[in-house]
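Peer 1: So the sequence lines, in the order shown, correspond to chains A and B.
Taking the working numbering, I'd label the letters of the first sequence as residues 320 to 429.
Taking the working numbering, I'd label the letters of the second sequence as residues 320 to 429.
Where a beta carbon is used, it is the ideal one built from N, C-alpha and C, also for glycine.
My questions will all concern the structure given below.
Number of protein chains: 2
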Amino acid sequence: MVTDEDKVFKALADASRRQLLDKLRKKNGLTLGELCADHAMSRQAVTKHLVLLEAANLVVTVKQGREKLHYLNPVPINEIYMCWIGQFEQKRLQALHNLKQSLKENDHEQ
Amino acid sequence: MVTDEDKVFKALADASRRQLLDKLRKKNGLTLGELCADHAMSRQAVTKHLVLLEAANLVVTVKQGREKLHYLNPVPINEIYMCWIGQFEQKRLQALHNLKQSLKENDHEQ
DNA sequence: ATTATATGCAACTATTTAGTTGCATGTCAA
DNA sequence: TTGACATGCAACTAAATAGTTGCATATAAT
């Protein structure tokens with residue numbers, strides 16, 4: 320059985336795919352061609368990665384003329400955090416966050 | 320190049336490994352034998368998964384006599400959230416905030 | 001000491017995955 | 001309508017991965 324969660328984790332497991340997501344984070348709505356720029360691999364390889372990212376619902380696409388625009392969808396990552404990572408670490412993260420905050424505030428006072 | 324981040328993502332990409340982490344979350348310090356219980360796969364398969372989890376620093380082990388105790392280490396997951404997932408979430412929260420703002424302003428105009 | 005138990009190591013197999021190349025299709029512009 | 005550009009589809013290859021089996025080692029208990 321391949322769950323949605325599994326698709327997301329698998330999609331995130333590859334460094335090239337994470338790089339593609341990073342590009343979209345910096346500039347949303349990029350075309351395939353733009354996503355291929357500065358990549359060692361072929362356009363078809365990038366396409367395959369994008370197919371997986373789309374299957375995991377991490378990327379949503381819109382066809383516009385002969386171009387295909389790619390948009391980042393943060394929802395699945397959010398869900399993974401809430402449902403899975405959150406269970407482990409929510410409390411601890413909060414504590415850490417609070418600690419950092421108070422350190423920052425201390426810094427400002429000096 | 321295989322970064323630490325990459326190891327963690329790859330380790331989390333497998334459902335069996337996530338299941339093992341889940342077991343440790345429910346009860347920390349389990350032996351290999353205990354982790355193998357109720358698993359379809361062989362002990363050696365489980366061992367291999369645990370090796371990867373250890374390499375990713377998601378699990379820490381202690382030998383005690385002839386047994387090996389396994390402890391969950393939440394730090395790497397934490398780091399991934401802070402350094403990677405957080406970046407996405409931040410944008411999302413900002414977008415949500417902006418949306419709320421513009422809705423509020425529209426409301427005022429009517 | 002001997003036996004049972006808990007784990008470790010190594011070789012092998014099957015499947016999945018990441019990448020390639022080559023060709024097809026569809027859309028814009030001159 | 002012809003050429004250039006953007007993307008899609010399919011077959012193939014190489015490498016990584018998940019799993020197996022068989023045997024070795026180390027510790028505990030009788």
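If we ignore side chains and look at the alpha-carbon of each, how far apart do B:Q429 and B:L422 end up?
Peer 2: Low confidence applies here, because B:Q429 scores a pLDDT of 48, under 50, leaving its location unreliable and the question unanswered by this model.
Peer 1: Tell me, please, which residues DSSP counts as bridged to A:L387.
Peer 2: Note on residue identity: the sequence assigns Lys, not Leu, to residue 387 of chain A. Answer by DSSP bridge pairing, in chain order: A:K382.
Peer 1: Just the Cα atoms here: how many angstroms apart are A:K326 and A:D426?
Peer 2: Each residue's Cα considered, the two are about 43 Å apart.
Peer 1: Measure the alpha-carbon distance for A:L377 versus A:N392 and round it to whole angstroms.
Peer 2: Their Cα atoms are separated by approximately 5 Å.
Peer 1: Curious, which full-length alpha helix (DSSP H) runs of at least 4 residues does the stretch 339-366 of chain B contain?
Peer 2: Counting only runs of 4 or more, we get 351-355.
Peer 1: Hey, how far is the Cα of A:V381 from the Cα of B:V370?
Peer 2: Near 42 Å, if we compare the C-alpha coordinates of B:V370 and A:V381.
Peer 1: Anything in chain B within Cβ reach of A:A334, meaning under 7 Å, just list it in chain order.
Peer 2: Those within 7 Å of A:A334 in chain B are D325.
Peer 1: Go through its chain and collect everything with a Cβ distance to A:Y390's Cβ below 8 Å, but skip five positions before and after it.
Peer 2: Closer than 8 Å at the Cβ level, and outside the excluded window around A:Y390, lie L343, N347, G348, V378, V379, T380, V381.
Peer 1: Assuming B:V327 is part of the alpha helix (DSSP H), what are its boundary residues?
Peer 2: Its alpha helix (DSSP H) spans residues 323-331.
Peer 1: Ignore the nearest five residues each way along the sequence and tell me which others in A:E398's own chain have a CB closer than 6 Å to its CB.
Peer 2: So no residue of the chain qualifies.
Peer 1: Could you give the distance in angstroms between the alpha-carbon of A:F328 and the alpha-carbon of B:D333?
Peer 2: Each residue's Cα considered, the two are about 8 Å apart.
Peer 1: For B:L340 and B:L372, which I take to be in contact (beta-carbon distance under 8 Å), what is that distance rounded to the nearest angstrom?
Peer 2: Indeed they touch by this definition, with Cβ atoms about 7 Å apart.
Peer 1: Classify B:N376 as helix, strand or coil using the three-state DSSP reduction.
Peer 2: The answer is coil: DSSP assigns B:N376 none of H, G, I, E or B.
Peer 1: For B:K346, would you say it is in contact with chain A, using Cβ-to-Cβ distances shorter than 7 Å as the test?
Peer 2: By this cut-off, B:K346 is not an interface position.
Peer 1: When the Cα of B:V321 is compared with those of B:L351, B:A374, B:H358, B:R337, which residue comes out closest?
Peer 2: That would be B:A374, whose Cα lies nearest to the Cα of B:V321.
Peer 1: Can you tell me where the alpha helix (DSSP H) holding A:N397 begins and where it ends?
Peer 2: Note, A:N397: alpha helix (DSSP H), 394-399.
Peer 1: Out of A:L351, A:A330, A:E324, state which residue places its alpha-carbon closest to the alpha-carbon of A:R385.
Peer 2: Out of A:L351, A:A330, A:E324, A:L351 has the C-alpha closest to the C-alpha of A:R385.
Peer 1: Look at B:H368 and B:R336 and say whether their C-beta atoms are less than 7 Å apart.
Peer 2: For B:H368 and B:R336, yes; Cβs fall inside 7 Å.
Peer 1: Could you check if A:A364 is buried or exposed, using at least 16 other CB atoms within 10 Å of its CB as the buried criterion?
Peer 2: The residue is exposed, with fewer than 16 neighbouring Cβ atoms inside 10 Å.
Peer 1: Taking all protein chains shown into account, decide if A:A356 is buried (16 or more other Cβ within 10 angstroms of its Cβ) or exposed.
Peer 2: Under this definition A:A356 is an exposed residue.
Peer 1: Name the chain A residues whose beta carbon is nearer than 7 Å to that of B:K329?
Peer 2: In chain order: A332.
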